[in-house]
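Report on the following structure.
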Amino acid sequence: MIGQDLNVQMIHLAAADFINFPIYVGNLDYTQRMKPETLIFDLDDTLYPPDSGVWQRIGERINLYMHTKVNIPLAEVTRIREAYFHEYGTTLRGLQILHHVDALDYLSFVHDIPLQEYLKPNPILRSRLASLPQNKVIFTNADRAHAERVIDALDLGGIFEQIIDIIAIHPYCKPQPEAFQIALQKLGIADPSRCVIFEDSARNLRTARSLGLITVFVGSNGQFSGAHLRISSLDELMKIFKPDFSLTIRGEE
Ligand SMILES: [Mg+2]
1 MIGQDLNVQM IHLAAADFIN FPIYVGNLDY TQRMKPETLI FDLDDTLYPP
51 DSGVWQRIGE RINLYMHTKV NIPLAEVTRI REAYFHEYGT TLRGLQILHH
101 VDALDYLSFV HDIPLQEYLK PNPILRSRLA SLPQNKVIFT NADRAHAERV
151 IDALDLGGIF EQIIDIIAIH PYCKPQPEAF QIALQKLGIA DPSRCVIFED
201 SARNLRTARS LGLITVFVGS NGQFSGAHLR ISSLDELMKI FKPDFSLTIR
251 GEE
């Protein structure tokens with residue numbers, strides 16, 4: 001139910017065509033209320049805090065893989081890894097395109113870390129997610145096996161209906177628009193404006209927003225303001241939902 005609690009006049013704004021539903025003009029801001037049908041969660045550094053140590057450990061494994069398996073000199077690894085990340089979206093895609101690396105071999109190697117040392121069950125997050133009636137899915141540039149291990153480590157089993165992983169969106173990856181389009185297709189989502197995506201990556205959110213999804217930046221670092229909503233961590237997840245599980249976002253002015 002959109003804007004029923006606002007004594008406002010409904011208009012349509014061409015400037016807000018990025019979302020395909022009415023905009024309401026209130027006294028202060030253009031705001032709109034929507035009831036999402038699907039909640040899409042990034043995995044790493046979104047389901048758990050970025051200071052957990054997981055990503056640092058994965059990064060060390062990526063460096064080791066590049067050096068020992070692809071024979072990239074140690075002194076060059078960091079520069080090349082950053083270049084691939086920016087040029088191809090992930091280090092893996094760069095290694096596949098330029099070095100014909102096998103994706104499954106790479107993914108199993110870099111994610112071979114003792115997750116239980118870094119992640120603990122999160123019963124509060126579990127109960128919050130369970131209380132939300134929407135479909136909940138994972139969309140990650142990692143692989144399904146890693147996603148399932150993270151979910152197990154956090155004790156979030158049974159919460160997510162589907163996992164869209166890097167294999168499912170081959171040959172693309174976030175932040176490429178094609179990756180999101182494939183994900184939406186696999187999820188059977190015809191109307192992106194009914195989806196809310198939670199992400200710690202600004203560039204991924206930019207693509208998501210350009211495709212019409214409702215975007216929530218999850219993170220306390222940086223000054224990213226390009227998302228519809230922002231929370232510092234999933235600890236604040238319930239702050240954005242009203243009791244009827246709708247949420248209010250500001251339209252573009
Ligand atoms: Mg992430």
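If you're matching positions, the sequence shown starts at 1 in my numbering and goes up one per residue. Just so it is clear, CB atoms sit at the ideal spot from N, CA and C, and this is done for glycine as well. From a predicted model like this one, the values you see are computed outputs, not experimental measurements.
*Would you give the residue range spanned by the beta strand (DSSP E) that Q162 belongs to?*
Q162 to I164
_Option in T38, D155, A103 and V54 with minimal Cα separation from H170_ = A103
_I need the boundaries of the alpha helix (DSSP H) containing R149, first residue and last residue._
R144 to A153
*Tell me the DSSP bridge mates of N135?*
T38
*Which residue's Cα is closest to the Cα of H86: E236, P175 and F198?*
P175
*Same chain, Cβ closer than 8 Å to E178, five either side skipped, listed in chain order*: I169 and Y172
*To the nearest angstrom, report how far apart G255 and D105 are at their CA atoms.*
Residue 255 is absent from the model: the chain starts at 1 and stops at 253.
*Would the C-beta of L165 count as close to ligand 1, meaning under 6 Å from any of its heavy atoms?*
Looking at the sequence shown, residue 165 is not Leu but Asp. D165: no, Cβ never under 6 Å from ligand 1.
*If we call anything under 7 Å between Cβ atoms a contact, is L47 one with T140?*
no
*Check whether the Cβ of T46 sits closer than 6 Å to any heavy atom of ligand 3, and report yes or no.*
Only ligand 1 can be found as ligands here, which leaves ligand 3 out of the picture.
_Host alpha helix (DSSP H) of F180 (start-end)_ = P177 to L187 is the span of the alpha helix (DSSP H), which, as asked, contains F180.
*asked:* I'd like to know whether the C-beta atoms of H146 and H111 end up nearer to each other than 7 Å.
replied: Yes, the pair counts as a contact, with Cβ atoms nearer than the cut-off.
*So who's on the other strand from C195, going by DSSP bridges?*
For C195, which the question treats as bridged, DSSP gives the partners T38.
*Since I believe C195 is in contact with T38 (beta carbons under 8 Å), could you give me their beta-carbon distance rounded to a whole number of angstroms?*
5 Å
_Quick check on V101: does DSSP put it in helix, strand or coil?_
The answer is coil: DSSP assigns V101 none of H, G, I, E or B.
*Hey, which unbroken runs of the alpha helix (DSSP H) at 4 residues or more fall wholly within the stretch 41-119?*
54-68, 74-88, 91-99 and 103-110
*asked:* For G94, tell me which candidate among V70, N221 and L74 has the shortest Cα-Cα distance.
replied: The residue with the shortest Cα to Cα distance from G94 is V70.
*Own chain partners of P192 with C-beta closer than 7 Å, once the 5 adjacent residues on each side are dropped*: Once the five neighbours on either side are set aside, the close Cβ partners of P192 are L184, L211, G212 and L213.
*Say yes only if the C-beta of D244 is nearer than 6 Å to one or more non-hydrogen atoms of ligand 1, and no if none qualify.*
no
_Can you tell me where the beta strand (DSSP E) holding L299 begins and where it ends?_
A query on residue 299 cannot be resolved here, the shown segment of the chain reaching from 1 to 253 and no further.
*With DSSP as the reference, please indicate the residues paired to I231 in a beta bridge.*
Under DSSP, the beta-bridge partners assigned to I231 are V218.
*How many angstroms separate the CA atom of N122 from the CA atom of P133?*
Those two C-alpha atoms are separated by around 19 Å.
*By Cβ distance below 6 Å, which residues in the same chain neighbour R128 in space, the five residues on each side in sequence not counted?*
L237 and M238
*Who are the near neighbours of D155 in its chain, counting only those whose CB is closer than 8 Å to its CB and skipping five residues on each side?*
Hits under 8 Å: P121, N122, P123 and R126.
*Between which two residues does the alpha helix (DSSP H) containing T207 stretch?*
A202 to S210
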